[in-house]
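For reference, the structure discussed in these notes is given below.
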Amino acid sequence: MNLNEAGTRSLASAALVTFLAVVAVYLWFIDILTMQKQFGAFLAAELTAFAMLLYLYGRPIHGEFKKQWFLAGCLFLAFSLALAIL
Amino acid sequence: MVVAFFVQGITGVLMLLYYVPSVDQAYSSTLFIIENVPLGWLIETLHLYSAYAMVLLAFMHLTRQYFVSAQKRPRELMWVVGMLMGFVVLAFGLTGYLLPWTVVSKSATDVAVGMLGFLPGQLGAIARFLVAGSGSDASELLRFFALHIVALPAVLLILLGVKMYMFEVHGAIESPAGVRSGTRSVPWFPDALLYLTMISSVFIAFLLAASVLFPLSLPPQFSPETAASFTPQPDWYFLWLYQILKFVSFEGTGIIYALVAVPIIFVVMTLLPFFDKGKERRLGQRPVYVTIGVIMVAELIVLTIWGYMTPGQVISDLQAVLVIGGTALVVVILSWAMYRRRKQVTPASSSSGSLSAAVLERFPILAIVFVLLLAMASVTITSSVDLVSSSSNPLLLASSLVLSAFSLYFMVRILRALVAAGSSRVKSP
Chain W
6 MNLNEAGTRS LASAALVTFL AVVAVYLWFI DILTMQKQFG AFLAAELTAF
56 AMLLYLYGRP IHGEFKKQWF LAGCLFLAFS LALAIL
Chain U
0 MVVAFFVQGI TGVLMLLYYV PSVDQAYSST LFIIENVPLG WLIETLHLYS
50 AYAMVLLAFM HLTRQYFVSA QKRPRELMWV VGMLMGFVVL AFGLTGYLLP
100 WTVVSKSATD VAVGMLGFLP GQLGAIARFL VAGSGSDASE LLRFFALHIV
150 ALPAVLLILL GVKMYMFEVH GAIESPAGVR SGTRSVPWFP DALLYLTMIS
200 SVFIAFLLAA SVLFPLSLPP QFSPETAASF TPQPDWYFLW LYQILKFVSF
250 EGTGIIYALV AVPIIFVVMT LLPFFDKGKE RRLGQRPVYV TIGVIMVAEL
300 IVLTIWGYMT PGQVISDLQA VLVIGGTALV VVILSWAMYR RRKQVTPASS
350 SSGSLSAAVL ERFPILAIVF VLLLAMASVT ITSSVDLVSS SSNPLLLASS
400 LVLSAFSLYF MVRILRALVA AGSSRVKSP
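Here it is in structure tokens:
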């Protein structure tokens with residue numbers, strides 16, 4: 006995966022936008038009185054995905070796009086989702 | 000830090016909807032927020048963790064600014080304002096800690112307020128009155144509440160405005176040679192704005208995940224009976240001070256020496272730009288200031304961990320000298336070895352430029368590993384001192400010493416790698 010290629014970035018951005026939309030709809034309809042923990046964890050996932058999208062959209066401030074940062078974001082996203090589901 | 004302050008403001012205002020600053024209802028209203036208000040526990044935990052983050056980030060920012068010599072001309076006043084902001088952040092922690100009126104917070108605050116009474120002359124009475132009012136629990140809580148939600152935010156915002164203005168005038172500090180090269184200007188819109196939004200989102204996501212993972216649980220309510228069976232201990236960011244105050248020399252009337260010495264250190268730190276007037280900013284050329292800085296950071300970490308491990312335990316002078324002096328000695332030896340090695344490094348012997356570039360690129364990871372090793376060394380060295388003085392469990396003592404040696408060895412390796420890389424970067428054309 007080379008994030009410095011525009012095609013790869015577009016694909017990853019599309020996936021993130023879809024994820025953001027799905028989670029936003031889920032958060033809108035969730036019953037926060039009974040699912041407070043899930044609400045917090047999904048909000049963390051939403052913010053992480055948003056940050057990853059900004060990373061792909063904006064020009065990198067320190068040189069080129071780095072795969073490691075994106076993978077770290079994916080890991081934290083997975084962690085937040087695990088927090089919500091488990 | 001600004002984002003953390005923003006999170007503090009939002010969550011604080013939300014808590015104000017339910018929190019009642021009276022001795023009878025402070026605890027029950029906090030408990031009500033946590034147990035009954037929808038997402039109240041999340042807001043309360045976010046408030047706490049963002050406060051922790053603010054203290055930690057302020058400390059990291061201070062350390063970073065010290066080591067890149069940000070206090071040097073023409074940014075002397077920026078440093079002074081930054082230090083004042085740091086004190087305000089600590090005051091936020093102190094005042095906010097009391098508000099839930101738990102046995103932990105009230106007992107620790109009583110110790111802190113009681114210490115003010117030892118200040119010489121009328122200073123003690125004036126300071127106590129300003130902080131705790133007439134002396135009753137109700138006036139103390141009300142004073143702390145007013146300071147926490149009105150006075151301190153106002154002061155912090157004013158100082159932030161002044162610092163931002165000075166930042167606009169002087170601009171960002173350049174990286175010292177050998178740490179990073181090749182800077183370019185970045186437009187505020189959209190690049191810097193997108194970057195800051197991204198960092199803020201990640202930061203809040205971390206806070207949310209931490210809050211979900213480790214939600215706040217309130218200790219028992221304060222009452223004289225529960226307090227009697229409880230060892231007061233401050234929050235982690237005051238543990239270093241707590242540990243100093245437990246030294247046997249500072250017990251009783253000796254506390255006055257601590258109350259004079261600690262503010263003197265703070266004043267010297269605040270006025271540092273007026274002592275350190277040299278123009279040299281590179282780490283490799285400032286051995287004395289770098290060594291003093293590392294000693295301060297190391298002592299702070301050691302005292303914090305030691306304070307956490309020994310709640311309520313009075314520390315003998317011998318132990319204090321061994322740990323404080325030992326830490327300083329270790330840092331001085333490491334620093335001496337590091338600078339000696341730096342002098343010996345020649346461009347030919349300092350390996351290739353690509354290797355040094357690789358080491359410098361990993362600087363943040365190496366710095367984190369170094370701090371972890373320093374923490375491990377702190378724990379094991381303080382444990383060793385405890386075990387030697389109590390002369391118990393030789394196996395534990397041996398393993399503690401081995402771990403200390405292991406941490407110190409790898410700390411030296413990291414420092415040597417960084418110095419070698421930094422030297423070759425500076426010397427290579």
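Chains W and U, in that order, give the protein sequences. The working numbering numbers the first residue of the first sequence as 6 and each following residue consecutively. The working numbering numbers the first residue of the second sequence as 0 and each following residue consecutively. Ideal Cβ positions, reconstructed from N, Cα and C, are used throughout, including at glycine. Because the structure is a prediction, the values reported are computed rather than measured.
> Which residue from U/PRO20, U/LEU207, U/VAL110 and U/LEU76 puts its Cα closest to that of U/TYR241?
Replying inline: U/VAL110
>> Quick test of the definition: if touching needs 3 or more C-beta pairs under 8 angstroms, does the segment 313–332 of chain U touch the segment 391–399 of chain U?
In response: no
> So is W/ILE35 in contact with chain U if we call contact Cβ pairs under 8 angstroms?
Replying inline: Output row for W/ILE35: interface = no.
> Which residues in the same chain have their Cβ closer than 8 angstroms to the Cβ of U/VAL6, if we skip the five residues on either side of it in sequence?
Replying inline: LEU45, HIS46, SER49, ILE203 and LEU206
>> For a contact defined as C-beta to C-beta under 7 angstroms, what are the partners of U/ILE203 on chain W?
In response: The answer, in chain order, is LEU52.
>> So, for U/PRO99: in the same chain, excluding its five sequence neighbours on each side, which residues have a beta-carbon less than 8 angstroms away from its beta-carbon?
In response: Here U/PRO99 has ALA25, TYR26, THR29 and LEU217 as same chain residues with Cβ atoms under 8 angstroms from its own Cβ, once five neighbours each way along the sequence are excluded.
> Taking the alpha carbon of U/MET268 as the point to measure from, which residue in U/VAL54, U/LEU41, U/ILE9 and U/GLY81 has its own alpha carbon closest?
Replying inline: Closest in C-alpha terms to U/MET268, from the list U/VAL54, U/LEU41, U/ILE9 and U/GLY81, comes U/GLY81.
>> Let me check one thing: in DSSP terms, what residues is U/ILE314 bridge-paired to?
In response: Under DSSP, U/ILE314 shares a beta bridge with U/PHE246.
>> Checking the sheet assignment: what are the DSSP bridge partners for U/GLN220?
In response: U/THR101
> Between U/GLY85 and U/ALA126, is the Cβ-Cβ spacing less than 8 angstroms?
Replying inline: No, the Cβ-Cβ distance between U/GLY85 and U/ALA126 is not below 8 angstroms.
> At which residue ranges does the segment 15–52 of chain U contain complete alpha helix (DSSP H) runs of 4 or more residues, listed in the order of the chain?
Replying inline: 25–34
> Which parts of the segment 130–186 of chain U are runs of the beta strand (DSSP E), unbroken and 3 residues or longer, counting only runs that do not cross its ends?
Replying inline: none
> Can you give the beta carbon distance from W/PHE94 to W/ALA46, rounded, assuming they're within the 8 angstroms contact cut?
Replying inline: This structure cannot settle anything about residue 94 of chain W, because the visible part of chain W is limited to 6 through 91.
> Straight-line CA distance for W/MET57 to U/GLU167?
Replying inline: 29 angstroms
> Taking all protein chains shown into account, do 16 or more other C-beta atoms lie within 10 angstroms of the C-beta of U/MET77, making it buried, or fewer, making it exposed?
Replying inline: buried
> Quick one: which chain W residues come within Cβ less than 9 angstroms of U/SER210?
Replying inline: GLY45 and ALA49
>> With a threshold of 8 angstroms between beta-carbons, can U/SER200 be considered close to chain W, or not?
In response: Yes - at least one Cβ of chain W is within 8 angstroms of the one on U/SER200.
> Taking DSSP as the reference, what is the three-state secondary structure of U/ASP234?
Replying inline: Judged by DSSP in its simplified three-state form, U/ASP234 adopts coil rather than helix or strand.
>> Using a Cβ-Cβ cutoff of less than 7 angstroms, which residues in the same chain neighbour U/VAL36 once the five nearest sequence positions on both sides are dropped?
In response: TYR17
>> So with CB distances below 7 angstroms, who are the chain W contacts of U/THR196?
In response: LEU59
>> Helix, strand or coil, according to DSSP, for W/ILE46 in the structure here?
In response: Just to set this straight, residue 46 of chain W is Ala in the shown sequence, not Ile. Helix, per DSSP.
> Run through DSSP, which three-state label would U/LYS342 get?
Replying inline: helix
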